[in-house]
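K.L.:
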């Protein structure tokens, strides 16, 4: 695995830190998955849609890691250290979102 392929593992701190980005970038696969789950309660029925959500999120994490590696790392580490308390990590959040705005 090359250095370029490395992205942060999708821990809860990482996922919370990039939640805004996920909501913009992965909106279509997330909606397709939720629509599928509403129609069919069978867990196996929506595996394809679930895989699309996972792929979108992993691709997004790789992209964010390439564009703002230091800012993402600082924000995620802050969120982990302060038990996901956004209020304690506003400085890191601001630096991260200035480098990669959520709607980009």
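Numbering (this note's numbering), first residue to last: -16 to 87.
Where is the CB? At the ideal position from N, CA and C, for every residue including glycine.
From a predicted model like this one, the values you see are computed outputs, not experimental measurements.
#1: Let me check understanding here. Comparing Cα to Cα, which of 32, 68, -7, -5 lies closest to residue 11?
#2: Less than 9 Å between the beta carbons of residue 35 and residue 16, yes or no?
#3: Nearest-angstrom Cα distance between residue 56 and residue 47?
#4: If you count every other CB in all the chains shown that lies within 10 Å of the CB of residue 79, and 16 or more means buried, which is it?
#5: Starting from residue 0, trace the alpha helix (DSSP H) both ways and give me its first and last residue.
#6: Would you say the stretch 60 to 71 touches the stretch 18 to 31, given that touching needs at least three Cβ pairs under 8 Å?
#7: Within its chain, find whatever has a CB closer than 8 Å to the CB of residue -6; leave out the 5 residues flanking it on each side and keep chain order.
#8: What are the start and end residues of the alpha helix (DSSP H) that includes residue 79?
#9: In this structure, how does DSSP classify residue 58 when only helix, strand and coil are distinguished?
#10: May I have the straight-line CA-CA distance separating residue 40 from residue 54, to the nearest angstrom?
P.N.:
Checking against the coordinates, here is how it stands:
#1: As a working note, residue 11 is residue 28 in the chain shown. It is 32 whose Cα lies nearest to the Cα of residue 11.
#2: Position 52 of the chain shown holds residue 35. Position 33 of the chain shown holds residue 16. For the pair residue 35 and residue 16, the CB atoms are nearer than the 9 Å cut-off.
#3: To locate residue 56, count along the chain shown from 1; it is residue 73. To locate residue 47, count along the chain shown from 1; it is residue 64. Each residue's alpha carbon lies about 10 Å from the other.
#4: On the chain shown, residue 79 is found 96 positions in, with the first residue counted as 1. Result: buried.
#5: Here residue 0 is taken as the residue at index 17 of the chain shown, counted from 1. First-last of the alpha helix (DSSP H) with residue 0: -5 to 0.
#6: With fewer than three CB-CB distances shorter than 8 Å, the stretch 60 to 71 does not count as touching the stretch 18 to 31.
#7: Position 11 of the chain shown, counted from the first residue, corresponds to residue -6. Answer for residue -6: 59, 63, listed in chain order.
#8: Residue numbering aside, residue 79 sits at position 96 when the chain shown is read from its first letter. 73 to 82 is the span of the alpha helix (DSSP H), which, as asked, contains residue 79.
#9: Locating residue 58 in the chain shown gives position 75, counting from the first residue. Helix at residue 58.
#10: The residue given as residue 40 occupies position 57 in the chain shown. The residue given as residue 54 occupies position 71 in the chain shown. For residue 40 and residue 54, the distance between alpha carbons rounds to 18 Å.
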